[in-house]
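Chemist: Below is a structure I'd like to ask you about.
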Amino acid sequence: MGSIGQPLKRKEDHRFLTGRGKYTDDIVRPNQAYAYFVRSPYAHAKINGIDKAEAEKADGVVAIFTGADLEGIGGVPCGWQIHNKDGTPMAEPPHPALCTDKALFVGDEVAIVIAETKAQAKAAAQLVMVDYEPLPAVSSIKAAIAEGAPLVHADAANNRCFDWHLGEKDPVDAAFAKADHVVEMDVVNNRLVPNAMEPRSAICEYDPSSDMTTLWTTSQNPHLIRLLLGAFVLQIPEHKLRVIAPDVGGGFGSKIYLYAEETVVTWAARKLARPVKWTAERTESFQADAHGRDQIGHARLALDKDGNFLGLHIKNKANMGAYLSTFAPAVPTYLHGTLFAGVYKTPAIYVEVEAVFTNTAPVDAYRGAGRPEATYQLERLVDKAAAQLGMDKIELRRKNMIPKEAFPYQTPVALQYDTGDFIACLDLGLKSADWDGFEARREEAKKRGKLRGIGISTYLEACGIAPSALVGQLGARAGLYESATIRVHPTGSVTVFTGTHSHGQGHETAFAQIVADHFGVDFEAVDIQHGDTSQTAFGMGTYGSRSLAVGGSAIVKAADKVVAKGKKIAAHLLEASEADIEFEDGKFTVKGTDRSKTFGEVALTAYVPHNYPIEEVEPGLEETAFYDPKNFTYPGGCHICELEVDPETGMIEVCNITVADDVGRVINPMIVEGQIHGGVAQGVGQALYEGCIYDDDGQLLTGSYMNYTMPRAADLPMMTVGNHVTPCTHNPVGAKGVGEVGSIGVTPAVINAVVDALSPLGVKDIEMPATPQRVWAAIRAAQG
Amino acid sequence: MQVTITVNNRSITRDVEARTLLVDFIRGELALTGTHVGCDTSQCGACTVLVDGKSIKSCTMLAVEADGHEVSTIESLEKNGELHPMQAAFRECHGLQCGFCTPGMVMSTVDLLQNNANPSEPEIREWLEGNICRCTGYHNIVKAVQHCASGTKGA
Amino acid sequence: MQNFEFHRPKTIAEAVAALKSSDGDGKLLAGGQSLIPVLKHELAMPSALISLADIGGLDEIRLDGDNLAIGAKCTHAQVASSDVVKNTIGALAKLAGHIGDPQVRNRGTLGGSVAHADPAADYPAAVLGLGATIKTDRRAIAADDFFTGFFETPLESDEIVTAVLFPKAEKAAYAKFASPASKYAIVGVFVAKTGGGVRVAVTGAGPKVFRVTEMETALASNFSSDAIKDIAVSADDLNSDVEAGAEYRAHLVGVMARRAVDAANG
């Protein structure tokens, strides 16, 4: 029996369960020193001078560096360039690794203090005297675009980063002109702090004898860090810079980017020729990890008298924060605007997005990245349309869904969907959630004094962003392929080197299942290696739910090459023609005979080539492949949330979450379900609990777990996860991606449920997170 | 100050500064890096260890307070190459993803079953108040605890 | 965290002496669940910590006539699981069982919580709501005189809480609306009917724990949630933060008080 499709237990678990995981902060290098960053307490301030004399005299201090010391090295680069409506490039102000003349957000890195111990570095940091001259700050989108607003960057007029659009305006105007109904709403997509449980950390060691720099860092994509850090910032050639992302304790996007801290730590370790280590405190994570979401927008939907969608106009504003993080410009644009067709056959769509700078932490991709914002806006709008037109919200969705016969389906916003069956997912979801039985449950809850609501979202998302040629045209400064090397050892065991990175996703298990089945070898005979630039050919890392669809496909491609070479060897051993060799279940067989050689025998022959077609093939059995996808993949489905509101306190209890997704072919159902559970928890978190708040002066009011609500075990119910598979048509794995579906699909379902629960009281909308106080206030406002 | 602490059944005597947190002692002095630090406000529970058999947050206890006491960390659970039933249950039920919160989760739920051999789902969820996981949505962690409780019943 | 001297006295007298010799700059360390976070964030930088760990006799729970006497060093977990507490003032055991989380309850102590006087802590509501008496190494202080302000008590810098005497209650219950983030009380209301009358004490809502006398009067003549359903608490002096504004807190005081009364009536 093959292992694909089996819920095999994870290979990585034993080390994590026994405390043997190796995370960056666990790494200790001889003679290492510790770093602590001096950070700006102001959201916007001129730095008139920095006096480090006192601090330099403090116990254990090795060195203190400021922006002035870094003169000559590059700033932290942005990896994606967006163009304005008029074709001009976006504003792209510099991001010095340490502040020079100005600090632009609370937590901005002003100086690095390096000492013998962590405590000494922290104590000395308090003695660094920075002469700040506080300046007026803009801490929200609204403040940034207000007339006469202070400028975050002198050369970004009106605090504008870009003004972008997608789709055609004229057909949309025409749709609205002939519409019987127009539904519109303002939507806020709340700002989030990613909060991977492992805080960011970096340790760098420089070996002068080999001129080799080794950086261990909490990264989702070590090769990208090497490229940006080496080529763009510190001018270290790739062969002299090794980046290792060991075990990484969650990322959710926040560990994709090149950050100032790892940049400065690397520079300092080289300068001092001594290992330097930095690990963030959670307070620093709140201040300086790239945040997520933070959009405001207005959406208008045109419908005919029967409820058919005619056109959609989106006009949104996105917060970029103080500097452009690595992929920030792609998030509210190509990862967002392209999603507005959703699962619907809306014929005309026009999306406008203006991005602004503010005196807040940089904002970049966070689990879902642009797609949750689009999905939330669309699915709230559809619910509102149903209410406004007096139509059933399920029937309105069903009527407008792209039927399965319509694939491949070209949307008006660039994407071409290859496959899907949205109605099947909808029906599966409705059945699993017992949608039809809801009213009885609502009545029962009413008797207990609770307002019960049910909400649905039918959605689609785009994963495995590609192909490279296209994303290049869209502004990406990198390719988006993946690599894999398969090393078959002489006795037939296998090591696979992948350019993706696993930080919870279970690649070491799922990828091994693919390879084991491909070669017909035991699952235990396959090891997956990742995270070290000195081992893997190249890699683009893990984000955007790309690893299985793109990285897995590269592995299949490399495996095909291994088999092709194996056939040549087997043909020689079996004295048959290569064309007559078939490979199945781990055996190379001469077609129509019982003459065969096992995979292991062929591998051994490749390494002990005594009887070998040496003129035709080289010894050894190792192949590398690069895979550049032809298209995005399109997972989607239906999420349903049922909850109860305590009308006296505004407290919400989530009762049920039902998921009916199509994530394409499933390799390990246990891991797939786990990914959905986790994504759903974060999606519910956005809807009900999490909200990052800066005050008008740019001070972070939610800077710790004391006031930023992380979903806990008691805040979530058990989840019901169903799956309706339509395999991806254009990659060899058939997988679509699962990492982000939860955080994309569930959020609007939750808010739709809240509004459904409160609608008998006259509540029509509620802002996220729907905290108890907000719910209480909404009820009060509705009741006058 | 000199402290003598029994860590994972080994008596250890060291000189520490009074301000040394127990977690820094465990990770830094003893290189037992299975115990993690995930926050600075005593909430995430990644640093959970047992002191005299009870779960505590080692980021909110000084090493000097542990003087004369017994500390058990995640590294102590596996015996003779066999996972502790709670570790095995987490593996069986996929109760972990990135693994960072996992040692704290395991130590905390080991303590739960000491107090309540057969907890209900709400009791498990309430007990986990002091442990934050960002990966699993807690679904499979709760399942793992249930699985372990059912397996250890009567044992 | 700044460094400090660490003392582990064996007796109360030694502890008092250590506090005295630190010139008011030393702090007592009990379970440390409030103090250590304060030290980590350098919100306080004492020159010395005087641990109560080795002082015996402070962790007993016993009936003392009409009072339940709980030693200052009793952990929340100990109080929550004590049969004596459960049988005498069940509401107190329940309250203790919902402070923080299990790990915090295994370290945090009654004396530490009371002396810290955090305006959002749970114990002060029970202490004031039951009209308890705080015993120190030198005197007994009535609850009404103890919580004097924001993190403020009449304790002298070298004074040590040794126990709290809770009067037995005929009826009592605590209803908490916890912060979803920190799990501290946004509003917690302790309602009790004891030999001394009816008391309603509110934590979390204001700068310190306080009583709602209007509710107490109404409940004294009719101990039912109906009796207080029209009594509104003014938002004027209540706390306001990102999670809950003053008006919301004022509203919650009413809701939680009614729920506590209902719970007390079983």
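Chains as they are written, first to last, in my numbering: chain C, 338 to 1121; chain E, 43 to 197; chain P, 168 to 433.
Even for Gly, the Cβ is constructed at its ideal location relative to N, Cα and C.
This structure is a prediction, so every number in the text was calculated from the model and none was measured.
Which chain C residues sit within Cβ distance under 8 Å of residue 189/E?
Modeler: Within chain C, no residue comes near residue 189/E; the closest Cβ sits about 13 Å away, beyond 8 Å.
Chemist: Beta-carbon within less than 6 Å of residue 567/C's beta-carbon, same chain only, minus the 5 sequence neighbours each way: which residues are those?
Modeler: Same-chain partners within the cutoff: 573, 575, 578.
Chemist: Rounded to whole angstroms, what's the CA-CA distance from residue 217/P to residue 445/C? Just pull it up for me.
Modeler: Those two C-alpha atoms are separated by around 38 Å.
Chemist: Do we get a CB-CB distance below 8 Å when we pair residue 1046/C with the residues of chain P?
Modeler: Closer than 8 Å to some Cβ of chain P, the Cβ of residue 1046/C qualifies, so yes.
Chemist: Determine, for residue 117/E, whether the minimum Cβ-Cβ distance to residues of chain P falls below 8 Å.
Modeler: So no, residue 117/E is outside the interface.
Chemist: Could you give the distance in angstroms between the alpha-carbon of residue 222/P and the alpha-carbon of residue 88/E?
Modeler: Roughly 31 Å between the two C-alpha positions.
Chemist: Using a Cβ-Cβ distance cut-off of 8 Å, determine whether residue 84/E contacts chain P.
Modeler: Yes, contact with chain P.
Chemist: Between residue 453/C and residue 397/C, what straight-line distance do the alpha-carbon atoms span, to the nearest angstrom?
Modeler: Spanning the two alpha carbons is a distance of roughly 5 Å.
Chemist: First and last residue of the alpha helix (DSSP H) that includes residue 527/C?
Modeler: Premise fails: residue 527/C lies in the beta strand (DSSP E), 518–529, not in any alpha helix (DSSP H).
Chemist: Cα-Cα, which of 1035/C, 1055/C, 1074/C is closest to residue 381/C?
Modeler: Ranking 1035/C, 1055/C, 1074/C by Cα distance to residue 381/C puts 1035/C first.
Chemist: Would you say residue 45/E faces chain C, with C-beta separation under 8 Å as the test?
Modeler: No, its Cβ sits nowhere closer than 8 Å to a Cβ of chain C.
Chemist: Thinking C-alpha only, which one of 878/C, 933/C, 851/C, 676/C is nearest residue 920/C?
Modeler: Cα-wise, what sits closest to residue 920/C is 933/C.
Chemist: Would you check if the stretch 728–735 of chain C and the stretch 606–622 of chain C touch, i.e. whether three or more CB-CB distances between them fall below 8 Å?
Modeler: Judged by Cβ distances under 8 Å, the stretch 606–622 of chain C makes no contact with the stretch 728–735 of chain C, as fewer than three pairs qualify.
Chemist: Taking buried to mean at least 16 other C-beta atoms within 10 Å of its own C-beta, is residue 427/P buried or exposed?
Modeler: It counts as buried.
Chemist: Going by C-alpha distance, which of 352/P, 200/P, 180/P is nearest residue 269/P?
Modeler: The candidate whose alpha carbon is nearest that of residue 269/P is 200/P.
Chemist: Considering only the alpha carbon of each residue, which of 448/C, 643/C, 589/C lies closest to residue 517/C?
Modeler: Nearest of 448/C, 643/C, 589/C to residue 517/C, Cα basis: 643/C.
Chemist: If I follow the unbroken beta strand (DSSP E) through residue 256/P, where does it start and stop?
Modeler: Element bounds for residue 256/P: n/a, residue is neither H nor E.
Chemist: Could you have a look at residue 319/P and say whether DSSP puts it in helix, strand or coil?
Modeler: Correct three-state label for residue 319/P: strand.
Chemist: Distance check for residue 849/C and residue 891/C, CA to CA, integer angstroms please.
Modeler: Their Cα atoms are separated by approximately 13 Å.
Chemist: For a cutoff of 8 Å on Cβ pairs, would you count residue 341/P as touching chain C?
Modeler: Not closer than 8 Å to any Cβ of chain C, the Cβ of residue 341/P fails to qualify, so no.
Chemist: DSSP three-state label for residue 954/C, please.
Modeler: The answer is coil: DSSP assigns residue 954/C none of H, G, I, E or B.
Chemist: Tell me whether residue 177/P is buried or exposed, calling it buried when 16 or more other Cβ atoms sit within 10 Å of its Cβ.
Modeler: The residue is exposed, with fewer than 16 neighbouring Cβ atoms inside 10 Å.
Chemist: Using the C-alpha atoms, what's the distance from residue 271/P back to residue 424/P?
Modeler: For residue 424/P and residue 271/P, the distance between alpha carbons rounds to 26 Å.
Chemist: Where do the N-terminal and C-terminal ends of the alpha helix (DSSP H) with residue 388/P fall, by residue?
Modeler: Note, residue 388/P: alpha helix (DSSP H), 380–388.
Chemist: What are the residues of the stretch 262–295 of chain P that lie near chain C, defined by any Cβ-Cβ distance shorter than 7 Å?
Modeler: Under the 7 Å Cβ criterion, the stretch 262–295 of chain P contributes no residue.
Chemist: Identify whether residue 329/C lies in helix, strand or coil by the three-state DSSP scheme.
Modeler: In this structure chain C extends from 338 to 1121, so residue 329/C is not present and cannot be described.
Chemist: Note down the Cα distance separating residue 669/C from residue 1077/C, rounded to an integer number of angstroms.
Modeler: Between residue 669/C and residue 1077/C, the C-alpha separation is close to 16 Å.
Chemist: Cutting at 6 Å between CB atoms, please list the residues of its own chain near residue 421/P, excluding the five before and the five after it.
Modeler: Around residue 421/P: no qualifying Cβ.
Chemist: Kindly list the residues whose CB is nearer than 8 Å to the CB of residue 233/P, restricted to its own chain and excluding five residues on each side of it in sequence; keep chain order.
Modeler: Once the five neighbours on either side are set aside, the close Cβ partners of residue 233/P are 334, 335, 362.
Chemist: Got a sec? Which residues, its chain only, sit under 6 Å from residue 195/E by beta carbon, not counting five neighbours each side?
Modeler: Its pLDDT being 47, under 50, residue 195/E is placed unreliably in this model, and the coordinates cannot settle the point.
Chemist: Give the interface partners of residue 156/E over in chain C, defined as CB-CB distance under 8 Å, in chain order.
Modeler: Chain C residues near residue 156/E: none, gap ~18 Å exceeds 8 Å.
Chemist: What residues in the stretch 413–424 of chain P have a beta carbon less than 8 Å from any beta carbon of chain C?
Modeler: Residues 415, 418, 419, 422.
Chemist: Measure the C-alpha to C-alpha separation of residue 475/C and residue 438/C and round it to an integer number of angstroms.
Modeler: One C-alpha to the other measures close to 18 Å.
Chemist: Pull the bridge partners of residue 194/P from the DSSP assignment, please.
Modeler: 216/P.
Chemist: Any beta carbon from chain E within less than 8 Å of residue 212/P's own beta carbon?
Modeler: For residue 212/P, the answer is no, since every Cβ of chain E falls outside 8 Å of its Cβ.
Chemist: Since residue 1056/C sits in a beta bridge, which residues does DSSP pair it with?
Modeler: Residue 1056/C is bridged to 994/C.
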